[in-house]
Structure formats: structure tokens, C-alpha cells
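Novice: The structure's right below; bear with me while I get my questions together.
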């Protein structure tokens, strides 16, 4: 994500061009055509009180940023989605379709017509990103003491160990982070264990993501290791903040439990049939290209993830739209070790 300062610069750069160029009104308007795209792809961050520097969910807030939005959309900086187009298929992909991009550009160039003003009910719906996005959690975890982001902290990473207190094993089916400090919270990484360094990876959460579907078995008395990244914008520098963000858990959603494995080498060979469910790249070198491919025993090569510029702030888990069946002897090849994978072992039918 670009900083709030970058957004401000973009707005200033393009502001003069609004007056300098007159055009014909677009056939698209904010209420009917543009706002639904913003709600779906942008509203999780760009709502009142969210991590984004402005709300895009009402016309007066969004329209001053129209040309900055156009520039960000054309450069594919927003919405933030790192995987290359056309390679792999992932749930919750945030990229815009070509038709959506064309519509936004047409609206901006075409003098940003508003359409009918939003009704009171529609304005109230702009707050749909507040509170829990999933159903009421079965269990809510929070730190006993507030995390302090000091005056001199521009970027701060904190690790917490949160006891679940489970009195029996449970299958974790859904997880969501409710930010206590949404303007600064940038990423949450959650693992099973009593240390962020050694925990078994479970999930990542990014601003605007909502709930995350999972299928991990938590043992009795499990601890969750939670790594939280805070980043200040320029307007927050020199200020002190405190945070007690909450993590909501739901259990037993009927999904087949997955297993997690950390791949630390460039090539890993599977010794059993599996269904590959998800990938979480964790490379040493960031801001570089990253590729993950599979090679089956009969030599078929498939590139399943490609990222040209891997940015640590947006590291996340990529859940395949459909699990990828890999027979025993298949290889997973990483251009940059390491990565966590989630998979389901597949039992072959016994011979009659």
C-alpha cells in the first residue's frame, strides 16, 4: 500500500489537470456504477476510520481523489494484489477486472458524475465494515495489556502469545481480526505455538480482508502466536498510541482439516499423494521476483504463483480456488525459499 503522503501528492499532481481538461460527461455515475466497485474492492480499507487515507464510500469524500484513483488503478498499485494476472487462481483476489478498470477511468475522465445522491440507508450501509464481518465469534482473544506504539516508533512489530484455553481439540474454521487501531495496523500473522519464530503458520490478516476461512485443528490448551505490524503515516509521526486488537475464532465449520508444512529448500519432493490448498511465501529477499511451480512425475510443469515485486508489507496466504491434486513424486519448486504450504493428504483406494 502507498503511504497517505503518496496519496496526497497524487491528488495535488492531478488536481490541476481536472480544471485544465474539459470533457463530455461519462455515461457512468458514482452511485450506480462506481460505488459498487469501491464497496467490493476498496471499502475494507477506504471507509471512515479505516486504514485508507480517505473514504471511497460516499461521493463528497471520494470525488476529490478521482484522478489519484485513476493513476493508482492504471499503475495497478490499487487495489493491492501482488500475483501476476493469468497465473494461478486464488480465492479473495483483489485485482480489478479490465471492465471495472475501464469503467472507473471513463467515470474520472467523464467529469465524475454523481448520479442520484445516496439515501440515508445507503449511507448507513457505508459502515458495514465496522464490527465483526463474520458471524459472532465462538471465542475472542485479546492481549491482557495494551500494545504501546511510542512517539519514536514509525514501524513496530510485536509478538503476542494468546492462550485459547480450549478444553478439547477443536477445528478452527474461521478467523478474523478486529483492529483496535485500524489506521496503523498493517498485517497480522497467526501461528500455532508459543513463539512467533517457531509457530506453525495458520493465517495472515490484512486491512480490509474480513474473515479468513480455515481448517486447522487446534489441540487442547493451544496457544496462538500472533505477530502484529504497525506502520505510522506521516500525520501520526511523533504521536503515542495504544492498541488492543481482538481476534475472533469460529470452530467446527465442517471443512476437511489441512496440514501445514514449511518448505525451506528450493525443491521439495512429496512422498505421498496430496491436494495442495494454499501457499504462504516467506522469502528472505523481498522486493524481488518470486515464482512457485509444480512438476509432476511425468514431467508436466505448471507455474502456480508469480510475483514480480514481492513486498513484505503485503505478504499473505494465497488460497487456491480449487485444490491442486499432486501425485506422489511431484516437486514443488521455489525461486526463493522459503514458503509454508497447506495440503490435504489423499489416500489411494486399496487394491481389491
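In the working numbering, the protein residues as written are 460 to 811. Even for Gly, the Cβ is constructed at its ideal location relative to N, Cα and C.
(1) Might you give, ordered along the chain, the residues of its own chain that have their beta carbon closer than 8 Å to the beta carbon of residue 538, omitting 5 neighbours on each side?
(2) Leaving out five residues on either side along the sequence, give the residues of the same chain with a beta carbon under 6 Å from the beta carbon of residue 669.
(3) Are at least three pairs of beta-carbons, each pair with one atom in the segment 769-787 and one in the segment 729-739, less than 8 Å apart?
(4) In whole angstroms, what is the alpha-carbon distance linking residue 517 and residue 666?
(5) Quick check on the DSSP output: what are the complete beta strand (DSSP E) runs of length 3 or more inside the segment 636-706, in order along the chain?
(6) Taking the alpha carbon of residue 620 as the reference point, which residue from 550, 504, 597, 654 has its own alpha carbon closest?
(7) At what residues does the alpha helix (DSSP H) containing residue 499 begin and finish?
(8) Identify whether residue 781 lies in helix, strand or coil by the three-state DSSP scheme.
(9) According to DSSP, residue 549 sits in a beta bridge with which residue or residues?
(10) Tell me which same chain residues have a C-beta within less than 6 Å of the C-beta of residue 599, skipping the five on either side of it?
(11) DSSP puts residue 607 in a beta bridge; with which residues?
(12) Name the two residues that bound the continuous beta strand (DSSP E) containing residue 718.
(13) Tell me whether residue 603 is buried or exposed, calling it buried when 16 or more other Cβ atoms sit within 10 Å of its Cβ.
(14) Given a threshold of 16 other Cβ atoms within 10 Å of its Cβ, counted over all protein chains shown, does residue 634 qualify as buried or as exposed?
(15) From the DSSP output, which residues share a beta bridge with residue 542?
(16) Which whole-angstrom value is the C-beta distance of residue 687 and residue 743, which I expect to be below 8 Å?
(17) Judging by CA-CA distance, which residue of 645, 544, 570 is the nearest neighbour of residue 489?
(18) Just reading off the alpha helix (DSSP H) that residue 519 is part of, what are its end residues?
(19) Hey, quick one: how far does the beta strand (DSSP E) through residue 797 stretch, first residue to last?
(20) Quick one: residues in its chain with C-beta nearer than 6 Å to the C-beta of residue 525, no 5 flanking neighbours on either side, listed in chain order?
(21) How would you write the range of the beta strand (DSSP E) that residue 527 sits in, first residue to last?
(22) Sort 641, 484, 574 by Cα distance to residue 506 and report the nearest one.
(23) Given a cut-off of 9 Å on the beta-carbon distance, is the pair residue 623 and residue 714 in contact?
(24) Below 6 Å CB to CB, which residues in the same chain sit around residue 812 once its five sequence neighbours on both sides are set aside?
Specialist: Inspection of the coordinates gives the following:
(1) 500, 501, 553, 554, 555
(2) 592
(3) yes
(4) 20 Å
(5) 644-651, 659-664, 671-677, 682-690, 700-702
(6) 654
(7) 494-500
(8) strand
(9) 779
(10) 705, 707
(11) 701
(12) 718-722
(13) exposed
(14) buried
(15) 766
(16) Not confirmed; about 21 Å, so no contact.
(17) 570
(18) 518-521
(19) That residue, residue 797, is in no beta strand (DSSP E); it is neither H nor E in DSSP.
(20) 567, 571
(21) Not the beta strand (DSSP E): residue 527 falls in the alpha helix (DSSP H), residues 525-533.
(22) 641
(23) no
(24) Lying before the first or after the last residue shown, residue 812 is absent from the chain, which here runs from 460 to 811.
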